[in-house]
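Q: The structure that follows is given in the form of structure tokens.
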């Protein structure tokens with residue numbers, strides 16, 4: 001078992017991540033979110049909250065980015081803050 005855990009350290013970047021995902025039995029993205037949540041649950045909650053906020057306001061954020069690209073000036077955009085805990089397709093471990 002120790003060898004399985006040590007091998008990714010010596011592999012190329014993408015191969016190491018794929019191996020870890022395989023060992024965890026997850027897709028790479030899901031394995032990564034589980035590892036982040038395990039390593040720092042509080043920071044993971046911030047990531048989930050930010051993801052929820054951006055997904056709930058995707059059209060607004062996109063239009064603000066377009067306006068920003070045209071003017072190259074900071075913009076103020078109004079976002080809707082969703083009720084916490086309502087799933088918008090968030091990926092949680």
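In my numbering, the protein residues as written are 1 to 93.
Heads up, the beta-carbon is just placed ideally off N, CA and C, and yes, glycines get one too.
As the structure is a computational prediction, the values presented were derived from the model and not from experiment.
(1) Find out if the Cβ-Cβ distance for the pair residue 52, residue 82 is shorter than 9 Å.
(2) Decide if residue 69 is buried, meaning its Cβ has at least 16 other Cβ atoms within 10 Å, or exposed.
(3) How far does the alpha helix (DSSP H) with residue 41 in it extend, from its first residue to its last?
(4) Any idea if residue 39 is buried or exposed, counting beta-carbon neighbours within 10 angstroms, 16 or more meaning buried?
A: Judging by the given coordinates:
(1) yes
(2) exposed
(3) 41-56
(4) exposed
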